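*Asks:* Take a look at the following structure, please.
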Amino acid sequence: MLSSTKINGSTLKKMMITAANNLERTKEEINAINVFPVPDGDTGVNLFLTVRTVIEQFTDDNAKSVAEAAQLISKGSFLGAKGNSGVIISQFFQGFSSSIEEHEEIGIKEFADALQEGKEWAYDAVMNPQEGTMLTVIKDTADKAREIAENGGDWVEMISGTYLTAVESLKETPNLLPVLKEAGVVDAGAKGFVNIWLGWCFVLMDSLGIKISHIEEEFAKLK
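The sequence shown: position 155 = 155 (the UniProt record's numbering), numbered continuously.
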């Protein structure tokens, strides 16, 4: 049953590598919509450099277990955080990793719990958390994951439900942050997180033998 299937460290490694690839392909697009907190056009690059430092910790022979992968993700996140967006995503990864650092494999419940921990760390990283940013999309995604896990959902529901939630949350960012509405854009950091999440979802699908057409179509657009 897909609800009882677990993922290992190799899957987590692939999730991070695919996230980095997605950010590398889209970093200029993300830079172009960077208007908050300051319009310095570097959010895409900062997110990419942060995640790239994570994947630089991996070798062909490591991260077989979730515990080892989590330790490497946490280390790379700590070392690589660049800019405001990089610090937030770094803290998300470190919180996520701290929740699973003693596991050989994880299932849906552990995955959802780790996302909650990542959310908490991300919010704690910011002195004055602003809704309508990456934080909001992280929160909405993590809370959807918890809802699905608590309701006994399987991996199909987890992957599809959290991705759709992340996309809808991104679309709402201009309604929460007036500067975005004035510029006619969504939040750049939030867009970066959605691209990371798309990578995570695609790898989970591949590892678990799941096909979800709307995610496959969105992933193909980034190639």
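The C-beta atom is built at its ideal place from N, Cα and C for all residues, glycine as well.
All of these numbers come straight from a predicted model, not from anything done at the bench.
1) Just mark D140 as buried or exposed, buried being the case when its beta carbon has 16 or more other beta carbons within 10 Å.
2) Apart from the five residues on each side of it in sequence, which residues of its chain come closer than 7 Å, Cβ to Cβ, to V194?
3) Are the CB atoms of S77 and Q57 nearer to each other than 7 Å?
4) Between the beta-carbon of A142 and the beta-carbon of L177, is there less than 7 Å?
5) Here's the rule: buried if 16 or more other CB atoms are within 10 angstroms of the residue's CB, otherwise exposed. What is T50?
6) Confirm, please, whether the CB-CB distance from G132 to T173 is below 7 Å.
7) Three-state secondary structure (DSSP) at I106?
8) Can you tell me where the alpha helix (DSSP H) holding P178 begins and where it ends?
9) Quick one: what's got a C-beta closer than 6 Å to T26's C-beta in the same chain, skipping five residues either side?
10) Give me the DSSP bridge partner(s) of I7.
11) Hey, could you find the ends of the alpha helix (DSSP H) N195 is sitting in?
12) Candidates D60, T43, A70, L23: which alpha carbon is nearest T52's?
13) Does the Cβ-Cβ distance between N46 and G9 come in under 7 Å?
14) When the cut-off is 7 Å and only beta carbons count, does E182 lie next to chain D?
15) Under a Cβ-count criterion, where at least 16 other Cβ atoms within 10 Å of its own Cβ denotes burial, should S213 be classed as buried or exposed?
16) Does the structure place the segment 213-223 close enough to the segment 68-76 that three or more beta carbon pairs sit under 8 Å?
17) Among G41, D154, L79, P39, which residue has its Cα nearest to the Cα of I55?
18) S160 to A125, Cα distance in whole Å?
19) How big is the Cα-Cα spacing for E104 and T18?
20) Taking the alpha-carbon positions, what's the A188 to K82 distance?
21) Please classify residue 275 as buried or exposed, where buried requires at least 16 other C-beta atoms within 10 Å of its C-beta.
22) Specify the secondary structure class of M15 as computed by DSSP and reduced to three states.
*Replies:* Per the coordinate set shown:
1) Per the 10 Å Cβ criterion, buried.
2) For V194, where only same-chain residues beyond five positions count, the Cβ hits under 7 Å are V137, A166, V167, L170.
3) Result no, Cβ atoms of S77 and Q57 do not sit closer than 7 Å.
4) In this structure, L177 does not lie closer than 7 Å to A142 by Cβ.
5) T50 comes out buried.
6) Result yes, Cβ atoms of T173 and G132 sit closer than 7 Å.
7) DSSP places I106 in strand when its eight states are reduced to three.
8) It spans 178-183 - the alpha helix (DSSP H) in which P178 sits, taken as one unbroken run.
9) So the list reads N195, once near-sequence residues are dropped.
10) I106.
11) Here the alpha helix (DSSP H) through N195 covers 188-208.
12) The sequence shown places Arg at residue 52, not Thr. Each of D60, T43, A70, L23 was checked against the Cα of R52, and the nearest Cα belongs to L23.
13) Contact: no.
14) Structure shown: chain D not included; a single protein chain is present.
15) Label assigned to S213: exposed.
16) Too few Cβ pairs lie closer than 8 Å, so no.
17) Nearest neighbour of I55 by Cα position, chosen from G41, D154, L79, P39, turns out to be L79.
18) So the alpha carbons of these two residues sit roughly 28 Å apart.
19) The straight-line gap from Cα to Cα measures roughly 21 Å.
20) The alpha-carbon atoms of A188 and K82 are separated by roughly 15 Å.
21) Since the first and last residues shown for the chain are 1 and 223, residue 275 lies out of range.
22) Annotated three-state conformation of M15 is helix, per DSSP.
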